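Colleague: 613 is the number that our numbering gives the last residue of the sequence shown; the numbers go up by one with no jumps. Every residue gets a Cβ at the ideal spot worked out from N, C-alpha and C, and that includes glycine. All of these numbers come straight from a predicted model, not from anything done at the bench.
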Amino acid sequence: MTRPCRPRPSAAPRRVFGARWLAALGAAGLLAAPAGLAACARGGPEMTADLVLLGGTVVTEDPARPQAEAVAVSGDSIIAVGGNDEIARLAGPAARRIELHGAMVVPGLIDAHGHVRSLGDELANLDLHGVGSVDEVARQVKERGARLPPGAWVTGHGWDQNLWPGKRFPDHRPLSGASPERAVWLSRVDGHASWANLKAMRIAGITRKTPDPPGGRIVRDARGEPTGVFVDNAQDLVSAARPKATRDQIKESLRLGLERCAAAGLTEIHDAAVGPEVVDAYRDLADAGRLPLRVYLMWDGIGDARIEPLVEQPPFINYRNRLTLRAVKLMIDGAMGSRGAVFLDDYSDDRGNRGLLVTPPEEIERRAELSMRKGYQVCTHAIGDRGIRLTIDAYQRALVAARPRDPRPRIEHLQCVAPEDVPRLKPLGIIASMQPSHATSDMYWAEDRVGAERGKGLYAWRWVLDAGVVLAAGSDFPVDPERPLVGIHSAVTRQDLKNWPAGGWHPDQRMTLDEALRAYTAGAAYAAYEENQKGRIAPGRWADLTVISKDLRTIPPADIPNAAIDYTIVGGTVVYEKR
Ligand SMILES: [Zn+2]
Numbered sequence: 035m036t037r038p039c040r041p042r043p044s045a046a047p048r049r050v051f052g053a054r055w056l057a058a059l060g061a062a063g064l065l066a067a068p069a070g071l072a073a074c075a076r077g078g079p080e081m082t083a084d085l086v087l088l089g090g091t092v093v094t095e096d097p098a099r100p101q102a103e104a105v106a107v108s109g110d111s112i113i114a115v116g117g118n119d120e121i122a123r124l125a126g127p128a129a130r131r132i133e134l135h136g137a138m139v140v141p142g143l144i145d146a147h148g149h150v151r152s153l154g155d156e157l158a159n160l161d162l163h164g165v166g167s168v169d170e171v172a173r174q175v176k177e178r179g180a181r182l183p184p185g186a187w188v189t190g191h192g193w194d195q196n197l198w199p200g201k202r203f204p205d206h207r208p209l210s211g212a213s214p215e216r217a218v219w220l221s222r223v224d225g226h227a228s229w230a231n232l233k234a235m236r237i238a239g240i241t242r243k244t245p246d247p248p249g250g251r252i253v254r255d256a257r258g259e260p261t262g263v264f265v266d267n268a269q270d271l272v273s274a275a276r277p278k279a280t281r282d283q284i285k286e287s288l289r290l291g292l293e294r295c296a297a298a299g300l301t302e303i304h305d306a307a308v309g310p311e312v313v314d315a316y317r318d319l320a321d322a323g324r325l326p327l328r329v330y331l332m333w334d335g336i337g338d339a340r341i342e343p344l345v346e347q348p349p350f351i352n353y354r355n356r357l358t359l360r361a362v363k364l365m366i367d368g369a370m371g372s373r374g375a376v377f378l379d380d381y382s383d384d385r386g387n388r389g390l391l392v393t394p395p396e397e398i399e400r401r402a403e404l405s406m407r408k409g410y411q412v413c414t415h416a417i418g419d420r421g422i423r424l425t426i427d428a429y430q431r432a433l434v435a436a437r438p439r440d441p442r443p444r445i446e447h448l449q450c451v452a453p454e455d456v457p458r459l460k461p462l463g464i465i466a467s468m469q470p471s472h473a474t475s476d477m478y479w480a481e482d483r484v485g486a487e488r489g490k491g492l493y494a495w496r497w498v499l500d501a502g503v504v505l506a507a508g509s510d511f512p513v514d515p516e517r518p519l520v521g522i523h524s525a526v527t528r529q530d531l532k533n534w535p536a537g538g539w540h541p542d543q544r545m546t547l548d549e550a551l552r553a554y555t556a557g558a559a560y561a562a563y564e565e566n567q568k569g570r571i572a573p574g575r576w577a578d579l580t581v582i583s584k585d586l587r588t589i590p591p592a593d594i595p596n597a598a599i600d601y602t603i604v605g606g607t608v609v610y611e612k613r
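1. Below 8 Å on the Cβ atoms is my guess for Phe511 versus Asp155; work out the distance and round it to an integer in Å.
2. Considering only heavy atoms of ligand 1 and the C-beta of each residue, which residues fall inside 5 Å, strictly closer?
3. What separation, rounded to the nearest whole angstrom, lies between the Cα atoms of Val139 and Ser583?
4. Could you say which of Ser221, Arg242 and Trp497 lies nearest to Ala256 if we only look at CA atoms?
5. Considering only DSSP beta bridges, list what Pro141 is partnered with.
6. Taking buried to mean at least 16 other C-beta atoms within 10 Å of its own C-beta, is Ala598 buried or exposed?
7. Could you compute how far the alpha carbon of Lys612 sits from the alpha carbon of Ala297?
8. Cβ of Asp13 within 8 Å of Cβ of Met370?
9. What's the C-alpha gap between Phe51 and Tyr560?
10. Which of helix, strand or coil does DSSP assign to Leu71?
11. Under the rule that 16 or more other beta-carbon atoms within 10 Å means buried, what is Ser691, buried or exposed?
12. Can you look up Tyr381 in the DSSP assignment and give me helix, strand or coil?
13. Please give me, in chain order, every unbroken run of the alpha helix (DSSP H) with length at least 4 that falls completely inside the region 331-402.
14. Could you please give the first and the last residue of the uninterrupted beta strand (DSSP E) stretch that includes Met81?
15. Which residues in the same chain have their Cβ closer than 6 Å to the Cβ of Ala525, if we skip the five residues on either side of it in sequence?
16. If contacts are defined as beta-carbon pairs under 8 Å, then His415 and Ile351 qualify, I think. What distance do you get, rounded to the angstrom?
17. Have a look at Gly491, Met468 and Ala212 and flag the residue whose alpha-carbon is nearest the alpha-carbon of Glu170.
18. Assuming Ala268 and Arg251 are in contact, meaning their beta carbons sit under 8 Å apart, how far apart are those beta carbons, in whole angstroms?
19. How would you call Trp229, buried or exposed, if buried means at least 16 neighbouring beta carbons within 10 angstroms?
20. Are the region 305-312 and the region 522-540 touching by the rule of at least three beta carbon pairs closer than 8 Å?
21. Do Gly409 and Gly389 have their CB atoms nearer than 8 Å?
22. Just the C-alpha distance for Leu232 and Gly179, rounded to the nearest angstrom, thanks.
23. Which residue's Cα is closest to the Cα of Arg130: Val503, Asn596, Asp548 and Val107?
24. Let's see if you can read the secondary structure: which residues bound the alpha helix (DSSP H) around Asp169?
25. Does DSSP classify His415 as helix, strand or coil?
26. Identify whether Thr555 lies in helix, strand or coil by the three-state DSSP scheme.
27. When the Cα atoms are used, what is the spatial distance from Gly335 to Ile121?
28. Suppose the cutoff is 7 Å on Cβ atoms and the five residues either side in sequence are ignored; what does the same chain contact list for Leu153 look like?
29. Got a sec? Which residues, its chain only, sit under 8 Å from Leu88 by beta carbon, not counting five neighbours each side?
30. Let's see if you can read the secondary structure: which residues bound the beta strand (DSSP E) around Arg254?
31. Going by DSSP, what residues sit across from Arg130 in a beta bridge?
32. Out of Ser287, Gly337, Arg420 and Ile398, which has the shortest C-alpha to C-alpha gap to Ala428?
33. One question on the structure: do Asp419 and Ala466 come within less than 8 Å of each other, judged by their Cβ atoms?
34. Please classify Asp600 as buried or exposed, where buried requires at least 16 other C-beta atoms within 10 Å of its C-beta.
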């Protein structure tokens, strides 16, 4: 068993985790091993655990002890890892004992690139997919409206009149009846039409005199009155009238999104692009003790954003033991699906098109340098081979100019890298922040965009790992599911959830299961400067743990997404528990 003596009370300021954790690690004998062991040998009192996990398969990622049966936690830290009996003895009288029945415990999983508010907004909206009648829609609208604060709109998505008797477009009346005082705005399953009630149309100033906008149509009845359905660009007429989200609504979205992430086994999210209002909402939640997970924030420095006022504010680290803001998100190009990613050569399925720069490379360089000077990490969305190359070039110059201490620049997505650029990543300390499930979501068409030769560099995490580059895994939720087990499955199989294609898509780029787990733990922890606190189950580390119902190493890879999350534990607190 690895276990520390009781740490001496530390005079280190709690807000600076570096100092605090140096103290904790020192006490745990991890920094100065001989002194620590000597202290134990002198018979220092053992710590008492207030949480013990027993009878599991604990995959520690600690080379000193790769596997164990049990873990002891005191407060927010792991105090011991070892066999059942020795760990059970550490449990204090009031300790919670969790019997794992062989379940797998891994260091708390991290999603290195997600969008919490967007996920929460989706969850806060009524999900009308598959709803079979207008009456049922109206019932759900009424029920939702009863739970919302005054002035908030009932919003939803996913209705499809083809599932209803008569298969006709609806009109406003059922919604107006269900919600006379509160605006209702529901988008169709394909996003190309939306359905309003009378209140929403009044707020938006829609009358029979409102003309159809270019590229849009207001559906009207025989007398010319708008019926409540708005097609394509006409949707903007109503959606523009929606109230700006209040702080409470943002907080509610964040809370919903994080709750979903906790259920997926995630202990930490890197939230890729937030504005000041979202940072304030996060701070409120942290102050109220209502942040279940750790969140690592990136300022939104995308497009026309002015980053000066953002990076003028000093970064903060581990605020209330949950929240860190020390990164800036930039974006050099678009996405491959819409042919916006920037390539050195034409798109294979669209000759003459090489994509579109979202931010000029000089501006990426300027913002990167400024951010680095202010103590911020830079995370740049770069997808096409030219977008990636220009980002590496910009980083190279910014690093020389700013000379930051420990900058750890990141490239987000790194979806189609030129082979000759891979060896440039490690010497510059660039972290690859990649999303395994993007490969298996995009594989049906990605190679059409770039052809066979460039296609070798698509989602090339094998190249990245073999070049010694730190790989941080994520999902880009809600673009792809927030579930890390889905991502791990993509990483190790390069197959979709139906096990297509046989043998995997570009199987030479597969990761091993160990590599995938590391990308979701130690790799993502390093990308957030937390490699000494997370990524390993060992004494002195944060008690951030994910408990998975099955040992992923012993089941067929096709079954990985079906394993359940039994517990998610953050800082010693059980934040999700399977019922
Ligand atoms: Zn994203």
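Modeller: With the given structure in hand:
1. Start at 1 with the first residue of the sequence shown, and residue 511 comes out as number 477. Start at 1 with the first residue of the sequence shown, and residue 155 comes out as number 121. Taking 8 Å as the upper bound for CB-CB distance, Phe511 and Asp155 are not in contact here, some 12 Å apart.
2. Those residues are Ala306 and Asp510, given in chain order.
3. Position 105 of the sequence shown, counted from the start, is the residue given in the question as residue 139. Position 549 of the sequence shown, counted from the start, is the residue given in the question as residue 583. Rounded to whole angstroms, Val139 to Ser583 spans 9 Å at the Cα level.
4. In the sequence shown, residue 256 corresponds to position 222, counting from 1. With distances taken between CA atoms, Ala256 lies nearest to Arg242 out of Ser221, Arg242 and Trp497.
5. Locating residue 141 in the sequence shown gives position 107, where the first residue counts as 1. Leu579.
6. On the sequence shown, residue 598 is found 564 positions in, with the first residue counted as 1. Exposure of Ala598 is indicated by the presence of fewer than 16 other C-beta atoms within 10 angstroms of its C-beta.
7. Sequence index remark: in the sequence shown, residue 612 carries index 578 (1-based). Sequence index remark: in the sequence shown, residue 297 carries index 263 (1-based). For Lys612 and Ala297, the distance between alpha carbons rounds to 8 Å.
8. One cannot answer for residue 13 here, as it falls past the ends of the chain, which runs 35 to 613.
9. By 1-based counting over the sequence shown, the position of residue 51 is 17. By 1-based counting over the sequence shown, the position of residue 560 is 526. Only weak support is given to the placement of Phe51: the predicted model assigns it a pLDDT of 34, under 50, and the value that follows is read from those uncertain coordinates. If you take the alpha carbons of Phe51 and Tyr560, they lie about 15 Å apart.
10. As a working mapping, residue 71 is identified with position 37 in the sequence shown. Low confidence applies here, because Leu71 scores a pLDDT of 27, under 50, leaving its location unreliable; read the following figure in that light. If DSSP states are grouped into helix, strand and coil, Leu71 belongs with the helices.
11. A question about residue 691 goes unanswered here, because the residues of the chain that appear run from 35 up to 613.
12. Numbered from 1 along the sequence shown, position 347 holds the residue referred to as residue 381. DSSP places Tyr381 in strand when its eight states are reduced to three.
13. For the region 331-402, whole alpha helix (DSSP H) runs of length 4 or above, ordered along the chain, are 342-345.
14. The sequence position of residue 81 within the sequence shown is 47, counting from 1. Counted as a single uninterrupted DSSP element, the stretch harbouring Met81 is not any beta strand (DSSP E), since DSSP gives it neither H nor E.
15. As a working note, residue 525 is residue 491 in the sequence shown. Beyond the five residues adjoining it in sequence on each side, Ala525 comes within less than 6 Å, by CB distance, of Pro470, Met545 and Ala550 in the same chain, given in chain order.
16. Working through the sequence shown from its first residue, we reach residue 415 at position 381. Working through the sequence shown from its first residue, we reach residue 351 at position 317. No, His415 and Ile351 are not in contact; Cβ-Cβ is about 24 Å, not under 8 Å.
17. As a working mapping, residue 170 is identified with position 136 in the sequence shown. Considering only alpha carbons, the answer is Ala212.
18. As a position in the sequence shown, residue 268 is number 234, starting the count at 1. As a position in the sequence shown, residue 251 is number 217, starting the count at 1. About 6 Å separates the beta carbon of Ala268 from that of Arg251, a gap short enough to meet the 8 Å contact definition.
19. Position 195 of the sequence shown, counting from 1, holds the residue named residue 229. So Trp229 ends up on the buried side.
20. Result no; under three Cβ-Cβ pairs closer than 8 Å.
21. Reading the sequence shown from its first residue, position 375 is the one you call residue 409. Reading the sequence shown from its first residue, position 355 is the one you call residue 389. Taking 8 Å as the Cβ cut-off, Gly409 and Gly389 do not qualify as a contacting pair.
22. Here residue 232 corresponds to residue number 198 of the sequence shown, with the count starting at 1. Here residue 179 corresponds to residue number 145 of the sequence shown, with the count starting at 1. Cα to Cα, Leu232 sits roughly 15 Å from Gly179.
23. Numbered from its first residue, the sequence shown carries residue 130 at position 96. That would be Val107, whose Cα lies nearest to the Cα of Arg130.
24. Indexing the sequence shown from 1 puts residue 169 at position 135. Val168 to Gly179 is the extent of the alpha helix (DSSP H) around Asp169.
25. Along the sequence shown, read from residue 1 onward, the residue named residue 415 stands at position 381. Reduced to three states, the DSSP call for His415 is strand.
26. Looking up residue 555 in the sequence shown gives position 521. Assignment of Thr555 by DSSP, reduced to helix, strand and coil, places it in the coil class.
27. On the sequence shown, position 301 is the one that residue 335 refers to. On the sequence shown, position 87 is the one that residue 121 refers to. Between Gly335 and Ile121, the C-alpha separation is close to 47 Å.
28. The sequence position of residue 153 within the sequence shown is 119, counting from 1. The residues are Gly291, Arg294, Phe511, Pro512 and Glu516.
29. Sequence index remark: in the sequence shown, residue 88 carries index 54 (1-based). Closer than 8 Å at the Cβ level, and outside the excluded window around Leu88, lie Glu103, Ala104, Asn118, Ile121, Ala122, Arg131, Ile132, Glu133 and Leu134.
30. Numbered from 1 along the sequence shown, position 220 holds the residue referred to as residue 254. Note, Arg254: beta strand (DSSP E), Gly250 to Arg254.
31. As a working note, residue 130 is residue 96 in the sequence shown. The partner list for Arg130 (beta bridge, DSSP) reads Leu85.
32. Taking the sequence shown and counting its residues from 1, one reaches residue 428 at position 394. Of the candidates Ser287, Gly337, Arg420 and Ile398, the one whose C-alpha sits nearest the C-alpha of Ala428 is Ile398.
33. Along the sequence shown, one-based indexing puts residue 419 at 385. Along the sequence shown, one-based indexing puts residue 466 at 432. Cβ distance not < 8 Å, so Asp419 and Ala466 don't count as in contact.
34. Residue 600 sits at position 566 when you count from the first residue of the sequence shown. Buried, by the Cβ-count rule.
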